[in-house]
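A.B. asks:
Residue numbers (our numbering), protein chains in the order written: chain A, 1 to 307; chain B, 308 to 614.
1. Secondary structure at residue 39 (chain A), three-state DSSP: helix, strand or coil?
2. Quick one: complete alpha helix (DSSP H) runs, 4+ long, within the region 5-69 of chain A?
3. Judging by CA-CA distance, which residue of B:559, B:585, B:373 is the nearest neighbour of residue 337 (chain B)?
4. Does DSSP classify residue 395 (chain B) as helix, strand or coil?
5. Can you find a CB in chain A that lies within less than 9 Å of the CB of residue 488 (chain B)?
6. When you compare the CB positions of residue 51 (chain A) and residue 144 (chain A), do they come within less than 9 Å of one another, or not?
7. Taking the continuous beta strand (DSSP E) assigned at residue 522 (chain B), which residues delimit it?
8. Name the chain A residues whose beta carbon is nearer than 9 Å to that of residue 522 (chain B)?
9. Please state whether DSSP places residue 556 (chain B) in a helix, a strand or coil.
10. Buried or exposed: which applies to residue 409 (chain B), given that a residue is buried once 16 or more other Cβ atoms fall within 10 Å of its Cβ?
11. I need the straight-line Cα distance from residue 34 (chain A) to residue 118 (chain A), nearest angstrom please.
12. With distances taken Cα to Cα, identify the nearest neighbour of residue 457 (chain B) among B:473, B:438, B:470, B:429.
13. Between residue 536 (chain B) and residue 226 (chain A), how many whole angstroms is the CB-CB distance? I'm expecting something under 8 Å.
14. Label residue 125 (chain A) either buried or exposed according to how many other C-beta atoms from any shown protein chain fall within 10 Å of its C-beta, with 16 as the threshold for buried.
15. Starting from residue 415 (chain B), trace the alpha helix (DSSP H) both ways and give me its first and last residue.
16. Taking 9 Å as the CB-CB limit, is residue 208 (chain A) close to chain B?
17. Of the choices B:354, B:459, B:368, B:471, whose alpha-carbon is the least far from that of residue 442 (chain B)?
18. State buried or exposed for residue 334 (chain B), treating a residue as buried only when at least 16 other CB atoms are found within 10 Å of its CB.
19. Excluding five sequence neighbours on each side, which residues of the same chain lie with their C-beta closer than 7 Å to the C-beta of residue 186 (chain A)?
20. Determine, for residue 229 (chain A), whether the minimum Cβ-Cβ distance to residues of chain B falls below 9 Å.
21. Give the secondary structure of residue 167 (chain A) by DSSP, where H, G and I count as helix, E and B as strand, and everything else as coil.
22. Taking all protein chains shown into account, do 16 or more other C-beta atoms lie within 10 angstroms of the C-beta of residue 43 (chain A), making it buried, or fewer, making it exposed?
23. According to DSSP, is residue 421 (chain B) part of a helix, a strand, or is it coil?
24. Contact check, residue 193 (chain A) vs residue 36 (chain A) under 8 Å by CB: the rounded distance?
25. Listed in chain order, which residues of the region 423-435 of chain B have Cβ atoms closer than 7 Å to some Cβ of chain A?
26. On a Cα-Cα basis, can you pick out the residue from B:355, B:375, B:399 that is closest to residue 542 (chain B)?
27. So the beta strand (DSSP E) residue 531 (chain B) belongs to, where does it begin and stop?
28. What residues of chain B sit near residue 263 (chain A), judged by a beta carbon separation below 9 Å?
29. Flag residue 554 (chain B) as yes if its beta-carbon sits less than 9 Å from any beta-carbon of chain A, otherwise no.
30. If we define contact as Cβ-Cβ less than 9 Å, is residue 255 (chain A) a contact residue for chain B?
31. Would you check if there are 3 or more beta carbon pairs closer than 8 Å linking the region 109-118 of chain A to the region 81-90 of chain A?
32. Nearest to residue 366 (chain B) by CA position, among B:613, B:592, B:605, B:448, is which residue?
33. Along chain A, which residues have their Cβ under 8 Å away from the Cβ of residue 512 (chain B)?
34. Of the residues B:345, B:347, B:384, which one's Cα is nearest the Cα of residue 363 (chain B)?
35. What three-state label does DSSP hand residue 538 (chain B) in the structure shown?
36. According to DSSP, is residue 255 (chain A) helix, strand or coil?
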């Protein structure tokens, strides 16, 4: 079933211990869409400027992504610069140029409104809410946010969370959102804000999914999927969105949403995140095969599987 | 089969967000021994002062631990004070009073020399080496160390590592010891220093075991065990030693050392660490039952188990 992804398309300038790249294609929507495209049909809604070339667009199109929802505005595309020189787990922002993204007002094309799955990338919470309202009835709405919105747009974010079914954020964001230091307690508080499930991303250690009592007709026990310790993380940018793409993409490819599907989805999320960080930008996500994905899924499964 | 544990016995003064305790029984040897005692026979070699009471000793004896290797020296027992007020994952030391521990020169009683398993708690590396040399042929030697020794006694530590079969340390210590930021590469470097296996403890995220090629007749693929996200971490002190006790204790209780045993041992390590942090000091480790341990093992297994 189709997924509609709403978020940013950006040009990123990134420094890591492995090197430096300038103005390469990035953004939450891009990473999510490329990752999810290995599992299901993906449509995107985003905004770009005059500097977004046909070549940039072809990166998405080659993976079968429907780009008709990309709005072209006058000006430059969103640009972000950051580095991970001290710590691969935490980006330090060098600059943010919102450009056309500043006036982004996502509009869902009529032909996208039947999308059964919706992913709300990390944008202003009130825009996330507006997109939900524009859509018909989705089967599942996934969403991301970040510390900036938790602090500066809490009221709007709480409105969005009433509409989001699965929230995917990291440990620090969960604790900040819940104002609670214990992760399981923080998870309970976040689930009480609306989502049926909360996926907490632990970076190199994997992710844990917590369920609201009775959500998806399954029990409350959390589930945790590891990631593979890979030899060299070249560029951590986009790992979280790639995770979300694998997670949502796998779910959208299945007949029903049950505990086993959500567990496997968590593993696929980790698989896609681990591929993303192997090269700079979206390079690795552009050239994967389903066989490579399945092979890594098996490795992850073996990594924690007791006989 | 019996395990001999060599390390510290201490009186700890600890502050955490859950409260404060003063001069409670602690030390690497104490946590390790209590944890391992649920799986196999445990003997301890340590030093205490005049202030170590019969009541203190009975905590160990009640769990069947052989305390004949505890040396009583003139003076006070080792005392440590620390807090976890800002971050439950990292102890900040308030004070260290080595007292009788300063002159600790561990001697293995003749009746302990047939111990098939040996655990070297976090003490001066040259003392760890001396203990190995005093012992006959052990089936397996496990060891711990810390950043302090890695920095201040590197040469001695490298000698110890030639004798240690399984080294159990945390992420930061592995990277510091290997002088390498990538964990899998750092693990390879540490394994080249001597150990057949390296257990990297990830705190609340579990642990990963890396194997030297051909070690224990098994492949090189790492294995990762999660821990349970528990509601409230009361006191993280001793979690790592309790992990080591569960890990080594389970191995010592098995007929042979193979991949499946080491995988399960990693899960049991996590189980014992998770119990330890539920209460202050060793309180929880003093009153466990094997049934509680098995029940939590099953929960951990389910936490990551795909059908």
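Just so it is clear, CB atoms sit at the ideal spot from N, CA and C, and this is done for glycine as well.
C.D. replies: Quick look at the numbers:
1. Note: residue 39 (chain A) maps to coil in three-state DSSP.
2. Restricting attention to alpha helix (DSSP H) runs no shorter than 4 residues, the region 5-69 of chain A encloses them at 28-36, 54-61, ordered along the chain.
3. When each option's Cα is compared against that of residue 337 (chain B), the closest is B:373.
4. In the structure shown, residue 395 (chain B) sits in coil (DSSP, three-state: anything other than H, G, I, E or B).
5. Chain A, which has a Cβ nearer than 9 Å to the Cβ of residue 488 (chain B), makes this yes.
6. Residue 51 (chain A) is not a Cβ neighbour of residue 144 (chain A), given a cutoff of 9 Å.
7. Neither: residue 522 (chain B) is in no beta strand (DSSP E) and is coded neither H nor E.
8. The contacting residues do not exist; residue 522 (chain B) stays about 17 Å from chain A at best.
9. In the displayed model, residue 556 (chain B) falls within a helix according to three-state DSSP.
10. Residue 409 (chain B) is exposed by the Cβ-count criterion.
11. Residue 118 (chain A) has its alpha-carbon roughly 15 Å from the corresponding atom of residue 34 (chain A).
12. Put simply, of B:473, B:438, B:470, B:429 the residue whose alpha carbon is nearest the alpha carbon of residue 457 (chain B) is B:429.
13. Contact between residue 536 (chain B) and residue 226 (chain A) does not hold, since the beta-carbon distance rounds to 14 Å and is not under 8 Å.
14. Classification of residue 125 (chain A): buried, given that the 10 Å Cβ count is 16 or more.
15. Premise fails: residue 415 (chain B) is in no alpha helix (DSSP H) and is neither H nor E.
16. Chain B, which has a Cβ nearer than 9 Å to the Cβ of residue 208 (chain A), makes this yes.
17. With distances taken between Cα atoms, residue 442 (chain B) lies closest to B:471.
18. Residue 334 (chain B) sits buried, since 16 or more C-beta atoms from the chains shown fall within 10 Å of its C-beta.
19. So the qualifying residues of the chain are 174, 175, 178, 180.
20. The beta-carbon of residue 229 (chain A) is placed less than 9 Å from the nearest beta-carbon of chain B.
21. Residue state, collapsed to three classes: strand.
22. That one is buried.
23. In the three-state reduction of the DSSP assignment, residue 421 (chain B) falls in the coil class.
24. With a Cβ gap of about 25 Å, residue 193 (chain A) and residue 36 (chain A) do not count as contacting.
25. The region 423-435 of chain B vs chain A, Cβ under 7 Å: nothing.
26. Nearest to residue 542 (chain B) by C-alpha distance, out of B:355, B:375, B:399, is B:399.
27. Counting along the chain, the unbroken beta strand (DSSP E) around residue 531 (chain B) starts and ends at 530-532.
28. From the beta-carbon of residue 263 (chain A), the residues of chain B found nearer than 9 Å are 611, 612, 613, 614.
29. Not flagged as an interface residue toward chain A: residue 554 (chain B), since no C-beta distance is shorter than 9 Å.
30. Not one chain B Cβ lies under 9 Å of residue 255 (chain A).
31. With the cut-off at 8 Å, the region 109-118 of chain A and the region 81-90 of chain A do not touch.
32. When the alpha-carbon of residue 366 (chain B) is set against those of B:613, B:592, B:605, B:448, the nearest one is in B:592.
33. 202, 205, 206, listed in chain order.
34. Ranking the options by Cα distance to residue 363 (chain B), first place goes to B:384.
35. Collapsing the DSSP output to three states places residue 538 (chain B) in coil.
36. When secondary structure is reduced to three states using DSSP, residue 255 (chain A) falls in the coil class, being assigned neither helix nor strand.
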